[in-house]
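Undergrad: First the structure, then my questions, so here it is.
Numbering (this note's numbering), first residue to last: 109 to 400.
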């Protein structure tokens, strides 16, 4: 088993380095598909409003460790010799990758996720261009698309349609060549030579949260009450997405710190756990710092 694991780690590193050559930032993953390196702050007291994103200089910050630097990538894998796969960070330049995850769950009634995507395409008049497609061990597919640098596409689960998850800013995709406890991820035949295709504008509009409607001055309703109401109106399946969007707008308009507590309280009122809400706001703060 140890020999097999070492070989899997070597192969994962080789695939990760190859992805980095194409401008894709990567991190090592364990067989569970989770980041292979644990947080160096896991035994620290409860974190403050914004957690460390790697500023401490140590590894173990999940997708925030992602890099295209081969020296750093080798160091990450050296620190995680049990890694058997790699994750590709979404939302980062130069590709601003967006992952459309078409899940397959045996025994679920139709329509499945592929049918749901086709129905969306017919209804909103878009087509998925030829692009990289990664096959998952469960029979699902990951479609790789690129987004414009001035739009932040958030992660979502089932918001676009049942069985369709979206990997955007702050998320990652399991890279082809990775091995997990359920099997290997592979590139679909005929797509390995392709570059990620631009996301169709009509689909991009569906992936972005709707604009806030309010009466007040400025895009946040003056004092940001419109953003808080936007979060409070979230239903299950869209709570993280709405919170991320509202936090991005708050930080873009210079009221992020002032709205931190109101946004946290609004998120908790919708049923979102506080630690998850804090992580979402932290991700929004980081992304808006990248895109002033």
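Quick reminder that beta carbons are idealized off the backbone N, C-alpha and C, glycines included.
For clarity, every value in this text was computed on a predicted model and none was experimentally measured.
Residue 189: which of 232, 144, 263, 276 sits nearest, CA to CA?
TA: Residue 189 has its Cα closest to that of 144, out of 232, 144, 263, 276.
Undergrad: Measure the alpha-carbon distance for residue 292 versus residue 376 and round it to whole angstroms.
TA: When rounded, the distance between both Cα atoms is 37 Å.
Undergrad: Residue 389 and residue 355 look like a contact to me (Cβ under 8 Å); what is the Cβ gap, rounded to whole Å?
TA: About 5 Å separates the two Cβ atoms, so the contact holds.
Undergrad: Residue 269 by DSSP, collapsed to three states: which one?
TA: If DSSP states are grouped into helix, strand and coil, residue 269 belongs with the strands.
Undergrad: I want to know whether the segment 259-266 touches the segment 218-228 - three or more CB-CB distances under 8 Å.
TA: Output reads no: the segment 218-228 does not touch the segment 259-266.
Undergrad: Out of 339, 333, 235, 124, which one is the CA nearest neighbour of residue 308?
TA: Residue 235 is the option with its Cα nearest to residue 308.
Undergrad: In chain order, which beta strand (DSSP E) runs of at least 3 residues are fully inside the segment 222-248?
TA: Runs of the beta strand (DSSP E) inside the segment 222-248: 241-243.
Undergrad: Pick helix, strand or coil for residue 394, following the three-state DSSP scheme.
TA: Helix at residue 394.
Undergrad: Would you say residue 351 and residue 315 are within 8 Å of each other, going by their C-beta atoms?
TA: No.
Undergrad: Can you tell me whether residue 198 is buried or exposed, with buried defined as 16 or more other CB within 10 angstroms of its CB?
TA: By the neighbour-count rule (16 or more Cβ atoms within 10 Å), residue 198 is buried.
Undergrad: Where does residue 299 fall in DSSP's three states?
TA: Three-state result, residue 299: coil.
Undergrad: Please state if the CB of residue 272 and the CB of residue 209 are separated by a distance shorter than 8 Å.
TA: Contact: yes.
Undergrad: Report the three-state DSSP secondary structure of residue 287 (helix, strand or coil).
TA: In this structure, residue 287 counts as strand in the three-state DSSP scheme.
Undergrad: Write down every uninterrupted run of the beta strand (DSSP E) in the segment 111-185 whose length is 3 residues or greater and which is fully enclosed by it, in chain order.
TA: Within the segment 111-185, the complete beta strand (DSSP E) runs of at least 3 residues are 134-137.
Undergrad: Under a Cβ-count criterion, where at least 16 other Cβ atoms within 10 Å of its own Cβ denotes burial, should residue 336 be classed as buried or exposed?
TA: Under this definition residue 336 is a buried residue.
Undergrad: Mind checking if residue 220 is an interface residue toward chain D, Cβ cutoff 8 Å exclusive?
TA: Going by chain labels, chain D is absent from the structure shown, which holds only one protein chain.
Undergrad: What's the call for residue 200, buried or exposed, on a 16-neighbour Cβ count within 10 Å?
TA: Burial call: buried.
Undergrad: Could you tell me whether the Cβ atoms of residue 304 and residue 254 are closer together than 8 Å?
TA: Contact flag set, yes.
Undergrad: For residue 323, which residues from the same chain have a beta carbon less than 6 Å from its beta carbon, with the 5 sequence-adjacent residues on both sides left out?
TA: Because the pLDDT of residue 323 is 40, which lies under 50, any placement of that residue in the model is unreliable, and the number read from its coordinates should be weighed accordingly. Around residue 323: no qualifying Cβ.
Undergrad: Going by DSSP, what residues sit across from residue 220 in a beta bridge?
TA: None; residue 220 has no bridge partner.
Undergrad: Please report how far the alpha carbon of residue 131 lies from the alpha carbon of residue 175, in whole angstroms.
TA: Using only the alpha carbons, I get a separation of about 9 Å.
Undergrad: As a quick exercise: from 393, 233, 249, pick the residue whose alpha carbon is nearest that of residue 359.
TA: If we check each option's Cα against that of residue 359, 393 comes out closest.
Undergrad: Determine the contact status of residue 124 and residue 181, defining contact as a CB-CB distance below 8 Å.
TA: The answer is yes: Cβ separation under 8 Å.
Undergrad: Hey, residue 196 and residue 285: beta-carbon distance below 8 Å or not?
TA: No, these two residues do not count as a Cβ contact at 8 Å.
Undergrad: With DSSP collapsed to three states, give me the class of residue 369.
TA: Residue 369 falls in the helix class under three-state DSSP.
Undergrad: Suppose you measure from the CA of residue 378 to the CA of residue 347; what does that come to, to the nearest Å?
TA: For residue 378 and residue 347, the distance between alpha carbons rounds to 7 Å.
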